[in-house]
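The block underneath contains the structure these notes are about, expressed in structure tokens.
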Amino acid sequence: MSSDDTAEKSATPLTPGSRAGSAGSPIVTVIVLCLGGLIASLMQTLIVPIQPTLPELLGTSVSNASWVITATLLGGAVAMPVAGRLGDMFGKRRILLYSAVLLAIGSLIPAVTSSLIPVVAGRALQGLAMGFIPVGISLMREVTPPKMTAFAVSAMSATLGVGGAIGMPLSAFIAETYDWHMLFWVSVVLALVVVALVFFAVPRVHDAVGGRFDFVGAVGLAIGLSSALVAVTKGNDWGWASGTTLGLLLGGVVILLLWGYFELRTTSPLVDLRTTARPSVLLTNIAAVAVGFGMMAQAVVIPMLMELPETAGGMGQTILQAGLWMAPGGLMMMVFAPVSGFLMNTIGAKYTLAIGATVLGAGYLCGFLLMDAPWQLAIASLIASAGVGIGYAAMPTLIMGSVPITEAGAAVGLNGLMRSVGTTTSSAIMAVIMTSATVSHDGIAFPSHSAFETCFLVGAIAAFVGVAITLLIPSVNKRALEVVTSDPTQATMR
């Protein structure tokens, strides 16, 4: 048995909201977890600046090079519920360490090679490190005082947007200044810093509940999700009516249905579908799809409109310039994280999520009206990002208030997966809209002005649908929450 295992087993069991006394303070722990989440989410946009040159850099076709991005998406989608379940079973701190190590290994592989397959494999490992985020969020419930938990969860939830927003200009600067491998060397260093900080600063808590890991369920979920998400992400390139797209999509859906049948009948499921079928959990996850869709739409549409040539109706910004215009939006998410914490402590997570989704929708309406200059789009991005900053943290808070603490990691991970489904679907639909209405310039087809308007309207509709779904979520009364805190098996709904 390792020293880390011994320390965790000897640590005092925690109740929600208590803190382990073996290392650090709650504030230090929150800072470390937020930093780890920020670095993990930064990997999602790490190679966006070099995406157009990837075929040349890797000596492959455009279609093959696109797997460098798709691999990270798939890795992150699969990792969230799996890492959450592993955290519940074997201890969250341990899974945080493993996730950071995966990030370091996944960054090292592309740093030392220029071949397609190793780079794709490394990027997949970087995606698996996204499991750090739901595990970190669920751990905050255990290592922070109750009054601090909402603010801590808000801050870490904001890192999902902040990492993506600052990643693009940072990566563009590194790629333009150094060789592209430097992107991954920087990632290696950042990942090792996270490993060290988690090891020394995150408390060792006795939160492992044990049990048998559902390998069949994990494999089934990975195959079903990968098939469906590959079909969605590649559908616009392959053709939505092509046999490959339809085969993968239908095959993925069938596998997921069989996976659900299996999960309902196994004694130790990867995801407790009966718990996730509770109205408070189910509706929160459906809202996560809608809000995730809304968040991603602006991240796709606004940079493309900024980078479109002026002669084709765009704003002629470089990738770095567009990234700099978008960066304040990411910081806005972090600025509004304390606002989200205050609102959750004051009016509850349900109405906080509704307010956030409303502000997100308002941002899209501003984008629809303000499309003539980069600064106008930046304002729309700031408003939309404020909505994300307010509402995003409310989703895991709603989930954690509705499930036993022994299932918090898996439940928050599934919620993160639902957000990923929303963002993936958003990217695909935005691509369809922008290729369905084009204008020709110098023999090249560019999205028309009306296509961008449609994208903004669709994003607004998705956000307001999220509001409607959120308002249907049953509230958990304060007494029920106290029961969950003292005995998570006795939660009752109002």
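Each residue of the sequence shown is one higher than the one before, starting from -17 at the first, in this note's numbering. Just so you know, even glycine gets a beta-carbon here, dropped at the ideal spot from N, CA and C.
Positions of the alpha helix (DSSP H) runs, each at least 4 residues long and wholly inside the segment 24 to 89, are given as 36 to 40, 44 to 47, 49 to 72 in order along the chain. Following the DSSP letters along the chain, one finds P456 in no beta strand (DSSP E), marked with neither H nor E.
Nearest to P8 by C-alpha distance, out of A82, I91, V180, is V180. Exclusion of the five residues before and after L252 leaves R67, D196, G199, A200 as the residues of its chain whose Cβ lies within less than 6 Å of its Cβ. The C-beta distance from G448 to M278 rounds to 13 Å, too long to fall under 8 Å, and the pair is not in contact. Taking 8 Å as the upper bound for CB-CB distance, S136 and S322 are in contact here, some 4 Å apart. Collapsing the DSSP output to three states places V421 in a strand. In terms of CA proximity to R186, R75 leads the group L24, R75, P429. Residue pairing of P429 in beta bridges, as defined by DSSP: T420. Beyond the five residues adjoining it in sequence on each side, A103 comes within less than 7 Å, by CB distance, of I91 in the same chain, given in chain order.
Take the alpha-carbon of V282 and the one of I268: they are about 22 Å apart. Rounded to the nearest whole angstrom, the CA to CA distance from M382 to Y243 is 25 Å. A distance below 6 Å between beta-carbons, with the five flanking residues on each side excluded, links T35 to no residue of its chain. Taking a 10 Å sphere around the C-beta of V171, we find fewer than 16 other C-beta atoms and assign the residue as exposed. Taking all protein chains shown into account, V236 has fewer than 16 neighbouring C-beta atoms within 10 Å of its C-beta and is therefore exposed. Sorting V60, E435, G276, A393 by C-alpha distance to the C-alpha of G349 places E435 at the top. Under the DSSP assignment, P386 falls outside any alpha helix (DSSP H); it carries neither an H nor an E label. Scanning E289, W162, P37, H431 for the CA closest to the CA of I301 turns up E289. Rounded to the nearest whole angstrom, the C-alpha separation of G113 and S422 is 43 Å.
F133 and A390 have their C-alpha atoms roughly 18 Å apart. Only residues of its own chain outside the window of five on either side were considered, and among them L107 have a CB closer than 7 Å to the CB of I87, listed in chain order. Taking 8 Å as the upper bound for CB-CB distance, I361 and V341 are not in contact here, some 13 Å apart. Closest in C-alpha terms to D161, from the list S96, A47, M297, comes S96. Considering only I365, L28, L313, the residue with the shortest C-alpha distance to G338 is I365. Counting along the chain, S363 sits inside the alpha helix (DSSP H) bounded by residues 356 to 373.
For P127, no alpha helix (DSSP H) encloses it, and the DSSP letter there is neither H nor E. In the three-state reduction of the DSSP assignment, S224 falls in the coil class. Using a C-beta cut-off of 8 Å, the segment 206 to 218 makes contact with the segment 48 to 62, since at least three inter-stretch Cβ pairs fall below that distance.
Per DSSP, reduced to three states, the secondary structure at R260 is coil, with no helix or strand assignment.
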